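Quick notes on the structure that follows.
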Amino acid sequence: MDRDQFLAAMRRFPSGVAVVTSMRQGIPRGMTLSAFASVTADPPTVLICVNRDARSYLNIADSGTFCVNLLAHDQRDLAVRFSGKVRDNQFDDVAFHFGTTGLPILDGTVAHFECTVVHEHHEGSHSIFAGRVLGADAQPRAPLGYFDGDFRDFTMETR
Ligand SMILES: Cc1cc2nc3c(=O)[nH]c(=O)nc-3n(C[C@H](O)[C@H](O)[C@H](O)COP(=O)(O)O)c2cc1C
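Here it is, written out as structure tokens:
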């Protein structure tokens, strides 16, 4: 299988955009991520795929917790900010609060999921983390989308 052909095919998959937040030694960290999926509702479980070169990887692996914040259509700036553009003091001027698990929860998102890691599977450069969802919340906002290598406005009705 040709790598570029694989990447070209994957670019045709529309997704939402998340910022996965974590804590380590009292310092919050976030990374932009689109590899997020529901695994099962019984018990509530999600998965994320994280590059082990990302600094967030150690946070998640060491703390055993992460929060998936699904961005709203007007939060492209956060998606860019947390994609490696801001390396230190990532949360300066970012509106967030701490959840009951102690994880940073971004304000103004469409939903968030506070998770504890139940499984880590290494696959090539990435780790697949399965996270048991300890708390989740949803807001009636339109989501930020990602398709063909660019952010998209997935204009849709919300309820
Ligand atoms: C739209 C978008 C989606 C991304 N999805 C993922 C992903 O699913 N998994 C991943 O490991 N990195 C993903 N990245 C790249 C990471 O955001 C980036 O490598 C990371 O923020 C760098 O982290 P560090 O500063 O902790 O090293 C994505 C970036 C963008 C812009």
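Counting from 1016, one number per residue, gives the positions in the sequence shown under this note's numbering.
The C-beta atom is built at its ideal place from N, Cα and C for all residues, glycine as well.
All values reported here derive from a predicted model rather than from experimental measurement.
Heavy atom of ligand 1 within 7 Å of residue i beta-carbon
| i | result |
| --- | --- |
| CYS1064 | yes |
| LEU1048 | yes |
| PHE1128 | no |
| VAL1109 | no |
| SER1071 | yes |
| ARG1102 | yes |
| SER1098 | yes |
| ALA1145 | no |
| HIS1088 | no |
| VAL1032 | yes |
| ALA1176 | As displayed, the chain neither begins before 1016 nor continues past 1174, which places residue 1176 out of reach and without an answer. |
Three-state secondary structure assigned by DSSP to residue i
| i | result |
| --- | --- |
| PHE1051 | strand |
| THR1166 | Checking the displayed sequence, the identity of residue 1166 turns out to be Phe instead of Thr. The answer is strand: DSSP assigns PHE1166 an E or B state. |
| VAL1132 | strand |
| SER1098 | helix |
| VAL1148 | strand |
| LYS1126 | As written in the sequence, residue 1126 is Ala, which differs from the Lys given in the question. In the structure shown, ALA1126 sits in a strand (DSSP, three-state: E or B). |
| LEU1159 | strand |
| GLY1045 | strand |
| ALA1056 | strand |
Limits of the unbroken beta strand (DSSP E) element including residue i
| i | result |
| --- | --- |
| LEU1086 | Where LEU1086 is concerned, there is no enclosing beta strand (DSSP E), given that its DSSP letter is neither H nor E. |
| VAL1066 | The residue asked about is misnamed: residue 1066 is Asn in this sequence, not Val. Looking at the DSSP string, the run of the beta strand (DSSP E) that includes ASN1066 is 1059 to 1066. |
| MET1038 | 1033 to 1039 |
| LEU1118 | Here LEU1118 belongs to no beta strand (DSSP E), and DSSP marks it neither H nor E. |
Span of the alpha helix (DSSP H), counted from its first residue to its last, around residue i
| i | result |
| --- | --- |
| PHE1021 | 1018 to 1025 |
| LEU1073 | 1070 to 1078 |
| VAL1095 | 1091 to 1095 |
Contact set for residue i: own chain, Cβ-Cβ below 8 Å, skip 5 residues either direction
| i | result |
| --- | --- |
| CYS1082 | VAL1035, THR1036, SER1037, GLY1114, THR1116, LEU1118, PRO1119, ILE1120, HIS1127, PHE1128, GLU1129, CYS1130 |
| SER1078 | SER1037, MET1038, ARG1039 |
| PHE1166 | VAL1032, ARG1091, ALA1094, LEU1159, GLY1160 |
| GLN1105 | PRO1043, ARG1044, GLY1045, ARG1096, PHE1097 |
| ASP1108 | none |
Beta-carbon contacts of residue i that lie in its chain and below 7 Å, excluding the five residues immediately before and after
| i | result |
| --- | --- |
| PRO1058 | ARG1147 |
| PHE1111 | PRO1119, ILE1120, LEU1121, ASP1122 |
| ASP1152 | ALA1126, HIS1127 |
| VAL1061 | PHE1051, ALA1052, SER1053, VAL1054, VAL1083, PHE1128, CYS1130, GLY1146, VAL1148 |
Beta-carbon proximity list for residue i, same chain, < 6 Å, skipping 5 on both sides
| i | result |
| --- | --- |
| LEU1085 | GLY1031, ALA1033, THR1124, VAL1125, ALA1126 |
| GLY1150 | GLU1129 |
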